[in-house]
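Chemist:
Numbering (the working numbering), first residue to last: 177 to 511.
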């Protein structure tokens with residue numbers, strides 16, 4: 177199904193389905209002069225020039241309410257710290273949050289902790305053994321643990337549970353309802369979420385993106401209506417791309433994107449730039465409309481710098497560190 181956007185008084189609205197726009201046009205909410213855009217258009221077009229929107233609309237019916245158990249729990253939260261952050265989540269009675277195994281920092285009395293297969297979402301929890309194993313298997317191929325941990329406030333009052341970031345960076349709170357109920361993010365970005373959010377996998381459809389896109393063939397997919405918390409390294413920036421707007425970024429600096437953003441890879445160009453430019457052979461190209469989140473310090477870059485500075489010889493020290501008189505020449509005398 178195509179995802180459409182509408183321009184009203186200079187403001188972009190959407191995403192909308194094709195059938196929704198047909199019904200809105202029939203109801204008089206939009207006119208034939210209203211500008212619309214979808215993936216594949218080179219520019220905004222008036223509805224009068226879009227034949228698929230001029231077809232008769234199906235009989236109007238109000239949107240169906242979410243299926244029972246599909247709505248995520250509503251949680252309150254507070255983020256503490258600057259460089260090494262943690263998020264404290266406040267749970268009302270019988271409210272729950274789901275988190276990566278091993279990320280819990282502390283929890284108050286009456287918080288019940290339960291380790292489950294898969295992502296702990298309502299759909300996963302209500303299925304049979306096969307459904308749970310499939311949910312767990314999805315997490316396994318993204319490099320995560322087979323298990324997640326569900327924290328539930330079993331008391332009558334309010335309870336709190338906190339989750340810590342795994343390395344220096346920022347925790348980003350995101351409300352999925354504001355982003356089309358779906359986000360795609362790097363494999364290790366997920367920290368915790370309200371119970372009811374489904375954590376799945378997103379396969380890259382293009383072999384070039386899969387092989388050279390920095391995040392590999394598989395990325396994480398977060399779907400639902402609740403709060404999610406993702407973590408990334410260094411400073412985080414959110415970019416809102418307009419329709420057709422393109423951004424080129426280092427493949428490791430991409431944290432997350434909305435489902436309407438087109439993700440591809442591009443060769444740096446030029447042998448000299450590719451070999452000696454220090455930025456790798458490929459860029460990630462992100463084309464709007466939609467939102468993307470970028471990080472200034474990918475964990476792979478941080479780990480690489482730590483490895484370079486670590487002792488490199490059997491004596492347990494490095495002759496090429498900042499305090500060495502010989503610097504890099506000291507390695508010439510190592511046997």
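Quick reminder that beta carbons are idealized off the backbone N, C-alpha and C, glycines included.
Given the structure is predicted, the values throughout are model-derived calculations rather than measurements.
#1: Can you tell me whether residue 409 is buried or exposed? The criterion is at least 16 other CB atoms within 10 Å of its CB, across all chains shown.
#2: Only counting runs of 3 or more residues, tell me where the beta strand (DSSP E) segments fall wholly within the region 180-242, in order along the chain.
#3: Please name the residue or residues paired with residue 252 in a DSSP beta bridge.
#4: Count the other C-beta atoms from every protein chain shown that fall within 10 angstroms of the C-beta of residue 184, then say buried if there are 16 or more, exposed otherwise.
#5: Check each candidate in 396, 192 and 366 and name the one with the smallest Cα separation from residue 340.
#6: Hey, out of 426, 433, 431 and 434, whose CA is closest to residue 441's CA?
#7: With a threshold of 8 Å on Cβ separation, who are the neighbours of residue 220 within its own chain once the five nearest residues in sequence on each side are excluded?
#8: Helix, strand or coil, according to DSSP, for residue 401 in the structure here?
#9: Around the C-beta of residue 348, are 16 or more other C-beta atoms found within 10 angstroms, so that it is buried, or is it exposed?
#10: Taking DSSP as the reference, what is the three-state secondary structure of residue 418?
#11: The beta strand (DSSP E) that contains residue 342, what's its start and end?
#12: In the DSSP assignment, what are the bridge partners of residue 358?
#13: Would you kindly work out how many angstroms separate the C-alpha atoms of residue 188 and residue 228, rounded to a whole number?
#14: What does DSSP give as the partner residue(s) for residue 471 in the beta ladder?
#15: Looking at the secondary structure, which residues open and close the beta strand (DSSP E) in which residue 463 lies?
#16: Mind checking which residues open and close the beta strand (DSSP E) that includes residue 281?
#17: Decide if residue 439 is buried, meaning its Cβ has at least 16 other Cβ atoms within 10 Å, or exposed.
#18: Where DSSP assigns a beta bridge to residue 272, which residues make up the other side?
#19: Let me check understanding here. Comparing Cα to Cα, which of 486, 485, 458 and 428 lies closest to residue 469?
#20: Taking DSSP's pairing of strands, which residues face residue 436 in a bridge?
#21: From which residue to which residue does the beta strand (DSSP E) around residue 369 run?
#22: In its own chain, which residues sit with a C-beta less than 6 Å from the C-beta of residue 536, not counting the 5 before and 5 after it?
#23: By the three-class DSSP mapping on this structure, what secondary structure does residue 336 have?
#24: What's the C-alpha gap between residue 370 and residue 398?
#25: Would you kindly check if the distance between the Cβ of residue 431 and the Cβ of residue 402 is under 7 Å?
#26: Rounded to whole angstroms, what's the CA-CA distance from residue 350 to residue 261? Just pull it up for me.
#27: Who are the Cβ neighbours of residue 248 in its own chain at under 7 Å, not counting the five residues just before and after it?
#28: Where does residue 484 fall in DSSP's three states?
#29: Please classify residue 352 as buried or exposed, where buried requires at least 16 other C-beta atoms within 10 Å of its C-beta.
#30: Among the residues of its own chain, which have a CB less than 7 Å from the CB of residue 475, if the five just before and after it don't count?
#31: Within 10 angstroms of its Cβ, does residue 362 collect 16 or more other Cβ (buried), or is it exposed?
#32: For residue 289 versus residue 327, is the C-beta distance shorter than 7 Å?
#33: Residues in the same chain with beta-carbon distance under 6 Å from residue 463, minus the five sequence neighbours each way, listed in chain order, please.
#34: In chain order, what residues of the same chain have a beta carbon less than 6 Å from the beta carbon of residue 269, not counting five sequence neighbours either side?
Modeler: Walking through what the data contain:
#1: buried
#2: 187-193 and 211-214
#3: 266
#4: exposed
#5: 366
#6: 426
#7: 183, 211, 212, 213 and 419
#8: coil
#9: buried
#10: Residue state, collapsed to three classes: coil.
#11: Note, residue 342: premise wrong, no beta strand (DSSP E); not H, not E.
#12: BP columns for residue 358 point to 399.
#13: 20 Å
#14: 412
#15: 458-463
#16: 280-283
#17: buried
#18: 328
#19: 428
#20: Answer is none; residue 436 lacks a bridge partner.
#21: From DSSP, the beta strand (DSSP E) with residue 369 extends over 366-370.
#22: For the chain, the structure presents residues 177 to 511; residue 536 sits outside this window and is missing.
#23: strand
#24: 11 Å
#25: no
#26: So the alpha carbons of these two residues sit roughly 16 Å apart.
#27: 370, 371, 372, 373, 400, 401 and 402
#28: In the three-state reduction of the DSSP assignment, residue 484 falls in the helix class, which pools H, G and I.
#29: buried
#30: 343 and 409
#31: buried
#32: At a Cβ-Cβ threshold of 7 Å, residue 289 and residue 327 count as neighbours.
#33: 422 and 438
#34: So the list reads 329 and 332, once near-sequence residues are dropped.
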